Every structure is written in C-alpha cells, then in structure tokens.
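Numbering (UniProt numbering), first residue to last: 1 to 331.
A virtual CB, placed ideally from N, CA and C, is assigned to each residue, including glycine.
Just so it is clear, the structure is predicted and the values come from calculations on it, not from any experiment.
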C-alpha cells in the first residue's frame, strides 16, 4: 500500500507514521508537511529511512495532485489546530483547514483515491458540566472558535464530496489527544515541561473545563480500524472515556512528577473557552471492534511524562518562544 499522510511531521500525524511503519512494514509512506512551527522534521527522525518527506503546502494544488496520484490511501492530518492562535489570527486556519481540504478532495476525486479525514470533537461546540449527554455522529455542529469552525467547514466539504462526487471518504472526530511529540504550546506538554524547568504550571480560570482525553496511540489504532473496516461516507467518533477536568490534569501531572498537587498558578481564562467535551464512541467500538490500548488516563499520562523527561532535546528548542508568547497574553 502507498500511503500519503498530510501533516505527518506534526503531533498526531508523526505518531501515526511511527505506528504505521512499525506495525505495517509493507507500507510505502510519503509525508506532506509545511514544516511550520507545529511540524518538526525531527519528529520523523526515528523512521526517516522508511519515509519520504515532502516539504510543501496542502493547499498547493499541483503538488497535492502529483502526490495523490501516487497514493492508494490519503490520511489528512494537516491542520492549524491551536485555539489561542486562531483567536489572534484566523486566516491561516481558513487557508489550511478549508482551502487545504478542498485541494485534497479535488485531487482524490480526480484519481479515485481512498481518503480519510481527521477532525475534532470541537466542531460540536461544548456541553454543560452537569449534562449527561455525550457527542455522537448525529450531534449538530456548533463550533465556537475560528479553529473549530474551519474544521467544521472541512468536515462538511468531505460530506458534500462523498454525496455529490462519490469520493471514497470517511471522517473521524476525536477527543483531546496527548502523548509523545506534542508541541509545548499545548496544555499537557506545557505543564510537564514547566515542571521540568522548575516553573509552576498555569491553569486557565478555575480549571473546571472538562476534556475527554485519549492517548495518541489509541487515536491512531482507531484511524486504522476506520481505514480498513469503516463504511464509506460515515463519521466515527474516537474517544477512550477519559473525561477529566483541567484542574485534575494539572494536579495529576504534579503528583506523577513528585511535586505538591497544589503547586500551580491560575491565569486569565481564554475567550470562548468551551466547558466540556465528551465522546460517545459506541459506533467505533461495536461496528469496528476497536478498544483502546491504554486502560486509564493515569497510565497514559505517566508514559507521557516519562517521554518528555527523556526527550528534552526534542522539546527544548520550542520552549522559550512559546512561553514568551504566553507571557504577552498574560497566560
């Protein structure tokens, strides 16, 4: 199989490439990545001999057409994904998430290539803390930020191309990922690396916001289940029953790292901060037989702490610039 992975030098994409090379040695893997701040070529170094890396933009139609023509399956991870950045400058999110997805869809349409679209649970908006409901594939879209609205737009493009043009596509909407190779601007690696630097972690607002956490390896096993067994045109929600509020996450990180669980600071909440996400992954589990490898959030988080301890050479170059940006925002 010839596999094209967009955004394959980013967090989830690079983990997908690692896992795919490790578990499917018959694959020929090409990665297309713009290598912005969120895409790091060093994330692919351990599998560099098994991967062809193309430095380019997912919205570059001639380049995308050439690469799609050479692929049997396209997995589209490439996205601008940081909410804070979308609030300060929405345009890159429109360009990558909407125009980039359109460009890929037109290419897979021309070449009849199987396509899987990676999306987020944030397209559904948020839930009240005391609401027993969870997101399902039938939940109406209600995005609240430039990031989530552009991802919602990209999902709707995929659905339209399936219905209008018969594109062989599936969609997955996943809850919050954590694990190796995640940029230190993100919540969990930022707190871990702060502790490693002797800096008190930062918690937005009161920390009551709830996210449904899943280890990136579990996300990617689910993606392969959908590629191999999913029904064309369907949407699958990926989650591992990992609902935890942000305050608890920070306190657990501190505990796992041998620090007092109250050794953190509150900072101003960000605008439009969604309260709760929760995934109902029944369809994925029952139709495709998927189950997560990590039995608990605590186990996955402990493994993640260990990875950042052991890989300072990977995250250190990102750290100072990230914290300088947050300092300007007062966060």
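Please determine, among the options, the residue with the shortest C-alpha to C-alpha distance to residue i.
i: residue 117; options: 187, 260, 235 and 315; result: 235
i: residue 215; options: 16, 8, 93 and 3; result: 16
i: residue 188; options: 298, 32, 155 and 86; result: 298
i: residue 169; options: 177, 232 and 213; result: 232
i: residue 283; options: 136, 184 and 154; result: 136
i: residue 60; options: 324, 22, 96 and 163; result: 96
i: residue 176; options: 183, 156, 239 and 256; result: 239
i: residue 79; options: 69, 164 and 91; result: 91
i: residue 314; options: 45, 219 and 33; result: 45
i: residue 138; options: 32, 26 and 279; result: 279
i: residue 192; options: 2, 309 and 62; result: 309
i: residue 331; options: 105, 158, 186 and 180; result: 186
Answer yes or no: do residue i and residue j have a C-beta to C-beta separation smaller than 7 Å?
i: residue 52; j: residue 30; result: yes
i: residue 281; j: residue 237; result: yes
i: residue 113; j: residue 71; result: yes
i: residue 265; j: residue 200; result: yes
i: residue 47; j: residue 18; result: yes
i: residue 108; j: residue 74; result: yes
i: residue 229; j: residue 277; result: no
i: residue 172; j: residue 226; result: yes
Along the chain, where does the alpha helix (DSSP H) that runs through residue i open and close?
i: residue 33; result: Run containing residue 33: none in the alpha helix (DSSP H); it sits in the beta strand (DSSP E), 28 to 33.
i: residue 127; result: No alpha helix (DSSP H) holds residue 127; DSSP gives it neither H nor E.
i: residue 245; result: That residue, residue 245, is in no alpha helix (DSSP H); its beta strand (DSSP E) goes 243 to 245.
May I have the straight-line CA-CA distance separating residue i from residue j, to the nearest angstrom?
i: residue 98; j: residue 259; result: 43 Å
i: residue 272; j: residue 14; result: 29 Å
i: residue 41; j: residue 10; result: 9 Å
i: residue 142; j: residue 126; result: 8 Å
i: residue 183; j: residue 39; result: 9 Å
i: residue 55; j: residue 36; result: 10 Å
i: residue 12; j: residue 57; result: 18 Å
Could you spell out where the beta strand (DSSP E) holding residue i opens and where it closes?
i: residue 183; result: First-last for residue 183: undefined, no H or E at that position.
i: residue 235; result: 235 to 238
i: residue 204; result: 202 to 204
i: residue 119; result: 114 to 120
Is residue i close to the ligand GDP? I mean its beta-carbon at under 6 Å from any heavy atom of the ligand.
i: residue 281; result: The ligand GDP is not part of this structure, which contains no ligands at all.
How about residue i: is its C-beta nearer than 7 Å to some C-beta of chain D?
i: residue 44; result: Protein chains in the displayed structure number just one, and chain D is not present.
Touching by the beta-carbon criterion (3+ pairs, under 8 Å), the region 146 to 165 and the region 113 to 124:
yes
Quick test of the definition: if touching needs 3 or more C-beta pairs under 8 Å, does the region 206 to 222 touch the region 246 to 255?
yes
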